[in-house]
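In this note's numbering, the protein residues as written are 1043 to 1223.
Ideal Cβ positions, reconstructed from N, Cα and C, are used throughout, including at glycine.
To keep things clear, I will list the structure first and then write my remarks on it.
Here you go:
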């Protein structure tokens, strides 16, 4: 019998290596609702409009109305409690910082994580403006973005009351282990 992988290095199950601080930093890019994690930079509605025309319109439509390729980013206000809710940035998302986080991580879809912080702030400003949330002269940055009050900011419950969701801020406790015979 050969030695098991576990016996050679229990911490990594016998393969891989611990991630370096630099590797972790590359993935530690989340932006919290209060703005924690937002990088330095800024972007205006006008800058965002030009970027959106170049990068976002091909999938989301010229004014964020959605296409067969990607969902609408605008509209849907007043539909969340109907049989056909339209979940957009302007109707559903509770925090403007979530928009920054998503764009920085996942857009454009064909080249994610390629945008600079200034470009992401500009796209946020433009999309928020399309939804009537910020004025045409708005500039978004790490201070102003968390201050934006989204139309659905009170539409979520915290802590999550679902019994199958376990979190440190509340919610249900983890179920006790079921004894086995």
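Q | Length of the line joining the Cα atoms of residue 1136 and residue 1056 | A | Working through the chain shown from its first residue, we reach residue 1136 at position 94. Working through the chain shown from its first residue, we reach residue 1056 at position 14. In a straight line, the C-alpha of residue 1136 is about 43 Å away from that of residue 1056.
Q) Quick one: Cα of residue 1154 to Cα of residue 1147, how far? A) On the chain shown, position 112 is the one that residue 1154 refers to. On the chain shown, position 105 is the one that residue 1147 refers to. Cα to Cα, residue 1154 sits roughly 6 Å from residue 1147.
Q | Helix, strand or coil at residue 1162 [DSSP, three-state] | A | Mapped onto the chain shown, residue 1162 falls at position 120. Correct three-state label for residue 1162: helix.
Q: Give the secondary structure of residue 1143 by DSSP, where H, G and I count as helix, E and B as strand, and everything else as coil.
A: Residue 1143 sits at position 101 when you count from the first residue of the chain shown. Residue state, collapsed to three classes: helix.
Q. Roughly how many angstroms separate the alpha carbons of residue 1164 and residue 1106, rounded to a whole number?
A. As a position in the chain shown, residue 1164 is number 122, starting the count at 1. As a position in the chain shown, residue 1106 is number 64, starting the count at 1. If you take the alpha carbons of residue 1164 and residue 1106, they lie about 15 Å apart.
Q. Since residue 1077 contacts residue 1140 with CB under 8 Å, what's their CB separation in whole angstroms?
A. For the purposes of this step, residue 1077 is identified with residue 35 of the chain shown, where counting begins at 1. For the purposes of this step, residue 1140 is identified with residue 98 of the chain shown, where counting begins at 1. In fact, because the Cβ distance is near 12 Å, the residues do not count as touching under 8 Å.
Q. Quick one, which of 1152, 1108 and 1175 has its alpha-carbon nearest residue 1194's?
A. Reading the chain shown from its first residue, position 152 is the one you call residue 1194. Ranking 1152, 1108 and 1175 by Cα distance to residue 1194 puts 1175 first.
Q.
Along the chain, where does the beta strand (DSSP E) containing residue 1087 start, and where does it finish?
A. Numbered from 1 along the chain shown, position 45 holds the residue referred to as residue 1087. Careful: residue 1087 lies outside any beta strand (DSSP E), inside the alpha helix (DSSP H) at 1087-1093.
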